[in-house]
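Oh and the sequence shown: position 45 is 52 in our numbering, straight run, nothing missing.
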Amino acid sequence: MAVREIFAGMPWWVKWIAVPVIAIVVFGGLIASVLGFVIGLLFKILLFVILVGGLVFVVRKVMSSSGGGW
């Protein structure tokens, strides 16, 4: 029996309101933890890019003002 056949005789609110609400209640913690992990990872990647860019900027400024060598 296919899912489409199961939902064929159901009212619209069961398909579009009740089932998503039940899914959020059951999997809400999992969804929240995955979203938290992804957002944290993106923040760490952005922080890494900013820090490396700042380091490259500082090194280039120091190298250009000191004459080019260590």
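Just so it is clear, CB atoms sit at the ideal spot from N, CA and C, and this is done for glycine as well.
Below 7 Å between beta carbons: does that hold for K22 and F34? Taking the sequence shown and counting its residues from 1, the one referred to as residue 22 is at position 15. Taking the sequence shown and counting its residues from 1, the one referred to as residue 34 is at position 27. Cβ distance not < 7 Å, so K22 and F34 don't count as in contact.
Alpha-carbon to alpha-carbon, K68 and L62: Within the sequence shown, residue 62 is the residue found at index 55, counting from 1. Within the sequence shown, residue 68 is the residue found at index 61, counting from 1. Answer to the nearest angstrom: the Cα atoms are 10 Å apart.
Helix, strand or coil for G36 per DSSP? The residue labelled residue 36 in the question sits at position 29 within the sequence shown. Helix at G36.
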